[in-house]
Every structure is written in C-alpha cells, then in structure tokens.
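First comes the structure, then the notes that go with it.
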C-alpha cells in the first residue's frame, strides 16, 4: 500500500514463540522460506484444543487442495503425538526431548495434564468434523450452512475456469457490435478477448479510463469489459454453473449486506472461535474482507501466517496488497525466525545476496533467519565445490558464446550454453563422492546417503526452458522429468490429437491422412509416407473411417482406448527416449478432450475447433490445474520444474540456470496494477502501453520476479547453483538487479546497469568475501562431453508377497436398503450409493389389504388419487423425488416451477409419468396437504428454502466402525423396539417383523444414507426438526381406481411394516439426532426432535385430504419415543450388552 511516513529500512519485529501466550485478536505471523508455517499452525491448533477450544470451533484455511491435504495430515499428526506423549507422561514415562510444545502441555498438576489429554483425544475421535479446507471450500460450506443468510443456488455445478464461456460471450458481442460495420473494426477479436479476460478475472478492479470520450476506441473497450462481465454472470446463472471465485464474492456480499451481516457474522462466530489462515500472502482483498468481517471482533482469534516474499501468484488473482493491509491492521505482528530447511552457511550466503532488499514493495523485505540446531553444520559433503551458493558466470567471450554487435552475450546462444553447462555440472556432481548427511533434530549425525538424481531440482523461470534443460540432461545420461511445466496443449501430443481429429472429421482427404500418419498414433517416418503405396493408404483410410465411427458412437474415451490398443502404442512409444513423456501427454490430452466433449456435447468438428483454439492460446492457459502437464514418471530422476511449481517443495540441491534472463511482459494484455492515487485499488488500464498504468504494472511485475528468485533459491537445503550472463536486456532480470542494482537502503532498481566483465568480477568477489566459505564464483564451461554412468546395483532378490492379514468378514459399508436387500427383490429408498430411488418392490401392490368388505370407510373411495394414472415403478419414484427437490414449496409461482421442473426432468430422463401437467397438479396437491402433529399441522407449502435441507447425507460407524467395540444385530434393534413401543402404537408388532431370521445380520462397519428432506419447525432454541421421506408406492388393486381409501392410516401402517420402513425411520432418526446433538447448542431430543413423516404422495389430495381418527390419508406421521432413539443410538455405537 502507499504509506507515507513509514520508516525506511527494516523494522525490528519480535520472533514468535509457539510456546508463548496463545494469540488473541488479529495476529500476523510473518514467515520466511523454511521457517515452518505448517508446523506453527499445527502446534497452535493442538494448543488451542488442549486449552479447551473444541476442534469444531477451529477453522484452518489454506489456498490449494494439495496444501489442504498436507495441513490436515500435519494437524492430525500433531494431535496424535501430543495425546500419546501426554499418555506416556501420565503413565510415568519421559517426554520427547525436542518437543517443546509437548513439554508445555505436560506442565501443571496431573488433573490438568489429564484434562488436556482428554481434550486432545476427543479432538482426534471427532477429527473428521474439523474444518480444514481451502478458502473456497470454506465459503461454500458457509453459504450452504447459513441458510437464509447465504446466497447460493441449489443444484449448481462448480467449474474451475470460465475460459470457454468468456470466449463464447466475446464472440457473440464482437459479432453483434461489428457485423454491420463496413470498415475494419477498431480492435481485433484477440484484443477484445484480452480485455474480457482481464475484466472477468479481476471482478473487483476499477476499469480505467472512466472519463474517456464515448466515441473513442478505449471507451468502447470499457463498455465491452462491463458488458462481458454482465453477460458472463447471466449465462452462468442460466447454465447453473458457479466458480469458486463466485463463492468468495457472494459470501463477502452477504457479510457486507446490512440486512444479513449481523446474523451471518453471529452464526459464524458462534461456529468458529479461532481461525488459522496459512499462506496468507496468496489471499486477495475479497478473502481478507471476509476474514476481517467475521473475526476482527471481540472474543475472536484470527491468526494469519504468510510470507510476502513468496507472493508469486498475482496471475491467479492473489493480491499481496491484502497481506500488507492486514499487516497494518493486525494488533500483533511477529516473525518466524528459525529456518528448519537450509544449512546455516546457505542462509549466510542468502543474507549476503539479499541483505535487507525490498522485493517489489517497501513493505516486503528480506529478513534474516537462523538455521535450526540440526542444520548448523554442512549437510552436504564430498562435492567438487564445497560452497553452499555457487555463482557460475558465462564468460563474455566470442569464442565461448557469440556476442551481439554491442558486445553483450547473445541470449539464445547463452541459454543453450547454460543448459549444456547445467548438464555437465550435474554429471560431475553425480560422479563425485557427494553425500547428504542424515541428522536427527538435535544435529547428531545418523548416517549418510549418496547424492542421486532425485535429490536435485532444476528450476526454470519459463516453461520453454524446461524442455531445453531436460533434453541436455538426457543427452548426458542423467534421467530427468518435467514436473507440470506448462499447459499440455502446448505439447506435440496436442498437435498430434489435432491432426487425428482433423483426419477423422474428413477421413477421405489424402492430405489429412498423410498428416496423421506422421503422428505417434501411427508412427510413420517421412520416408515411409513418401514410399507408401495405394494398399497402405487404403488400409489407413479404412482405419480412419472406423475410428470416426467409434468417435461418433462412443466418444473420445472409447476412441483413445481403441487407438491405443490397435496401434500398440505403449510398447511402440516406450521403446524410445522420451516415449514415456509423450504417452503421458497423449493420454492427458485425450482425457481433456473427453471432458470437453461430454460437458458441451461436442461432435468431431466442434471438438476439432475447440482443440485448435486451446493450442492457439496456450501461452495464456496458465490457470488451469487440469491442463498442466503431468509427471511422466516417479522414478529417481532430476526434477525440472518451473519456479511457480516448486513453491512449497524442497530439494537437497537446486540449480537455477536462467535467473539472468528477464521475463517477457506481454504488451497485448491490458495492464493490471494498484493505483496509489486511489487507495491502492486494483485497476485495469485499457489504454495499454500508452496509459499511465503501464509503468506501475511493469514495476509490480518486476517486483514479482524478485520474489520468484527468492522462492527458487530458498528451495535448496544444502546447495544452490546459479548462473549469470551479461546479455543486452539483462538489467531487467532479477539476478542482475539483486547483484548489481541494490541501493544502500535495500531498494532494488527497476533496471540495473549490465556491468562489464571487470566490474562483474569485482562485485562478485566482494560478495563472496561477505560470507567467507559460503559463496563461490566460477566460470561456466558449457560442457565437457562427459556422460553419467550410474553405479551398478546388485539385482534385488524378489520374494512373493504373502497375504497373512485376517479378513474381518463381518465388516461392511451398508445402508438401510443394504440391510433389507435380501428381503426385497428391489432395493428401497434413497441411499447415496444407489443411482435410483425405488419405492415399489415388484409385486407389492395390494399385498396387504383386501378390497373386499365394508370397513366403514367406503366414502374414502369417492376421493380419487390425483396421481392414480401415473405408472408405477422405480423410475417414476426417482423422477418424483428429483422434481420435489428442485422446487421452492413456498414460491408464489409454485405451479410454474412444478411445470418447469417436470419438463426439465423429462428432458434429462424421459420416464413415462403419464401427462406431465397431471403430475405437476398432483404434486401441487401433495405440497398443500397438511402434515399433522409432527409438523404442527402445516403443509410443505409453508416451508421456505431456509427451513429445509434436501438429501442430507450421513455416515456413521456401527459398533466402532473399523475397530469393533462390541456386537449388534437387527435382533438387538428389535429388543430395543419392544422396550419402547406400546400396543397402541401404529407400528406395534414391527419388532416381531424385524426378528425375521432372514434379517439376522451382524451390524459392523459403517452405515450411510441420505434423508429426502429435513424440515425445521419453529425457530430458535425451541426449533424442532422432522425427517421426511417421499413415497410413490402404488397401494391399489388391479381393476379399481386408486383413491384415498387405499392410503388410509391403517393401509399406510401395513405398508410401512411390509417394506421395513420403520427400520429406515429409526436409522435416519439416529443420524439426525446425532447431527443435531453435535451442531445445535443446548440440544434436547425431547424438545428438538419432531419425528418422521412418510408422505405417500398418491394419497395426498390437498387441504381437503380426508382424515381417519385424526390421521390424514397419505401422510404417515410417527414420533418415536426419545428413549427409543437414544437407546438405539447407544446400541449402534457400542453394541449389545454381553
């Protein structure tokens, strides 16, 4: 941010002590590379839990799915070691000598320590309930959990990027605007797309100029940016898609809306009392406002941990200015001062290179740290050069590397020279006696390990450099793999797929057949193509015709497998160098083509166009995780990575060959910068290079390059090797600026002068002298023709694995329908593992009651079922469920919604449900039918979206889950029923039915299910919650019209027992009881559990639905005794008494 008056230089900040007082209020912990951010968060989580904060009150957030998985593992590991350590301590054992957190938790009386251990044990048993997620996952959870306070549509599909949609909108708007223009449009379609992407990816940015002449080209671009954003939002809602950024925006809007802010914040603070945010430098203003709105309050703790020196993801929307604002707001600002990764002498070398340099902003400075106790001595020995930081200089000599006319090193030739030098140096390293010293945390030597290729990483700034380095390494026999270097659409595999699709689009065209013959799909050489005769071409054309049919009938996935099998591709490609990489890329592109074809229903021609566009715009395809190239092998090989990909990783030795090359700043994209004249607001300047925003944009980009250099160098544990060459534009490169452009106050020049060779020698000699023995200055030689010969290894003795683990044959993952499946031919209900909902087992109709005789209820036969003409069957039951889930029962336009929902479901699954309008009318009547005492006499139509949850999924362990705590059977469930169900209960006698020998199953493992509908009746502490299950069972008889008589209370009770629905009701009641007990403060089952409702929709005819003895036809309501639910819950938890 712009902060006049901020003192120059590096302000002194106290180190954070993880064993000190627990943080309160807003605390910012400024980390450095290797200082253990994740360790600090995990330790704080354990300390908060031990101090009395329950695990579900903790919110732990990071910014990638991979980091989330690591954080979850580390937190659980910390809880386990703390709980087990305290257990050993209480049993009289000792404490781990290097675990200061455990020592702190062990202080105090035996009762205090025991209490802490119990709290940790409870947290571990409830660990699956912990909220450890990405920021997007947290926002989605909050929005769905806030109910009426949140704003997210139901049944939306999440998409990672909107590239295709943005292109579609740009194409439409561009054609609409310019299709009648006689002259050349003022800007091209590619310029329009660049403007649109900037606007969509920066939704909160100010678009400038705001005061341009309305008739000017730039004003037209401003209007385009706004129109694209508006149209993309409209089409997203229409298509039912939402991005993860939308979640952030919507939650932030909820928290800033005066009508919803107080309630939303109160619920969040009630749910979470402590928030720990990792990698905070990668946040943005929207995310920061969310955290600040919720947790910048009394009685809340917000701990932000980040390293602004590693803020390198601006192209993904990260905004380090949000971190800098939080730094000003935080009541406490401390640093993590111990580096747990690197050797002390490597840290000393970095101190000499960086000093107190500012890395792109006055508020982002390099901070000195110290090595942990185990890293004070060198961790790498036996190398040819002992220095921790090696600077290899490319000589400015025409005989070594060609020079430009002005006397500078030629960049293209220098890149090739450096790549060869990297390969040669690695051969020397791997051929030496270099060894990694293995030490325990105290620094005591435990052994050593010879340096292998897998210990080494080569980090490159640009994707194109990765292939260059990999090829040079393979040339000298050093195995290397490229890890996620660039988009897979920039590979030869993508071009090969394009040639194949073009050929399948027109399989009779000879030129396309010749082109595809040269791809890996056929593997012909140019000579073979030239020599091929008519029989070979006829065979190839016939094969293309066959493959075109496979693509048309069965899709891309089937085509890929067919081609792979028929052309024996794995064996053919893996037989030559680089084949593993090529096969990996071909499979990857095929998967992406399949996904696109399925999602957008693309045929061969459209799919070809889609791929051609992806290839053409590959340079801008930087923000899609699924399109990033995959690792072709996990064998022991040198990792060649982009610096962005390396963040968060560490390697024994790191090579940085191209930090002397300045990055290319695209001038065809509108600049995005922070405007100091507008409170550092993120701003898009559509005037491009000619606008006032260009210079600050370039400055910010150059600042990020300095941070990239910091990230690259700090991946090393023991040694880093860096190259420098004096090329013409090298003064813009990060390494040149660090070495030759640093001022007295640590400020780094935007452009440093490229010194002459004598000045280079003097400066680097001076630098090495500031860290004696830590830095070496060497002359790069460009390679010596050596090859690496891996040391011979004796063949491993192979022994067939023996399976000697006992199998627990009683364990299973089951559901209500699984427990009753051998009773019914068809599976019943709506369990999550089933793809359909079956309400009517075959042969069930009319099996319970007879139509003969007069039971005094003949008048009920005069009330016809409004859904009597709907065919019976599983598909119809599923159809009705999906329609009811998709409508708002309380909507003023419910009739229209039902009609639209029925029509939409018919398009998705053309099921025979009779006349669609009659189905909608029948469901409308069911929604208007009063539900009886369980719902306080209300109908479904009186419950809004905020009072319902559809398809509430659950899973809970049966008698211990994986580790048995006892034994239970359905017979035991029957015994519980007999104790609590009296003779007057409508389900009296079901216990005998449950004792059916065919149901004598052991309950062990996990039970899962999904409740059709959960209703909230009432509000506040007295709110009651009811389980609702929809049923479409046909209870009539052949030859007579369906009526209310068939759904009278006695018929419903008989149907319930026949189909074992009471078992379903009881299991779902236990699930809801446990959920409410966990989530609802002050929960009481007597007060807050309403009961269960089975709605047989064919028997529900609206407000006038007949009643019999107080029970309404079509509605089976039951409120099991509270003791029945709690005793059954206990039975399923610990088993039956011995």
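Numbering (this note's numbering), first residue to last: 7 to 1144. The beta carbon of each residue, even a glycine, is placed where N, CA and C say it ideally should be.
Limits of the unbroken alpha helix (DSSP H) element including residue i
i            : result
residue 175  : 169-184
residue 996  : 996-1000
residue 1124 : That residue, residue 1124, is in no alpha helix (DSSP H); its beta strand (DSSP E) goes 1121-1124.
residue 520  : 516-523
residue 782  : That residue, residue 782, is in no alpha helix (DSSP H); its beta strand (DSSP E) goes 781-785.
residue 594  : 585-606
residue 95   : 71-96
Under the three-state DSSP convention, the category residue i falls into
i            : result
residue 6    : Given a span of 7 to 1144 for the chain in the structure shown, any question on residue 6 remains unanswerable.
residue 662  : strand
residue 819  : strand
residue 669  : coil
residue 318  : coil
residue 756  : coil
residue 1089 : coil
residue 1018 : strand
residue 289  : coil
residue 616  : helix
residue 24   : coil
residue 30   : coil
residue 654  : coil
residue 968  : coil
residue 406  : coil
residue 867  : helix
residue 49   : helix
residue 567  : helix
residue 1042 : coil
residue 126  : helix
residue 231  : helix
residue 835  : With a pLDDT of 38 at residue 835, under the threshold of 50, the modelled position of that residue is not reliable, and no figure is offered here.
residue 150  : helix
residue 39   : coil
residue 849  : Annotation note: pLDDT 41 at residue 849 (below 50); position unreliable, coordinate value reported separately. Residue 849 falls in the coil class under three-state DSSP.
residue 843  : Residue confidence for residue 843 is low, a pLDDT of 39 falling below 50, so the modelled location carries little weight; the figure read from the coordinates is stated next. Note: residue 843 maps to coil in three-state DSSP.
Top-ranked residue by Cα proximity to residue i, from the options
i            : options               : result
residue 284  : 69, 428, 360, 212     : 69
residue 24   : 438, 362, 46, 747     : 46
residue 593  : 570, 602, 213, 1092   : 570
residue 416  : 1073, 736, 344, 56    : 736
residue 1053 : 872, 246, 646         : 872
residue 105  : 389, 321, 446         : 446
residue 368  : 140, 440, 752         : 752
residue 374  : 435, 31, 19, 454      : 19
residue 1017 : 990, 1058, 1067, 1011 : 1067
Endpoints, beta strand (DSSP E) assigned at residue i
i           : result
residue 307 : 307-312
residue 340 : 338-341
residue 140 : 137-140
Counterpart residues of residue i in DSSP-defined beta bridges
i            : result
residue 877  : Paired residues: none, contrary to the question.
residue 982  : Note: residue 982 sits in no beta bridge, so no partner.
residue 464  : 646, 661
residue 691  : 214
residue 387  : 441
residue 1031 : 1022, 1095
residue 350  : Answer is none; residue 350 lacks a bridge partner.
residue 1036 : 1101
residue 680  : 688
residue 726  : 395, 660
residue 1008 : 975
Any non-hydrogen atom of the ligand COA within 8 Å of residue i CB
i           : result
residue 356 : Absent from the structure shown: the ligand COA. Ligands present: none.
4 or more residues per run - each alpha helix (DSSP H) lying fully within the region 889-962: 900-914, 922-933
Continuous beta strand (DSSP E) assignments of at least 3 residues falling wholly in the region 487-514: Considered as a whole, the region 487-514 harbours no complete run of any beta strand (DSSP E) with no fewer than 3 residues.
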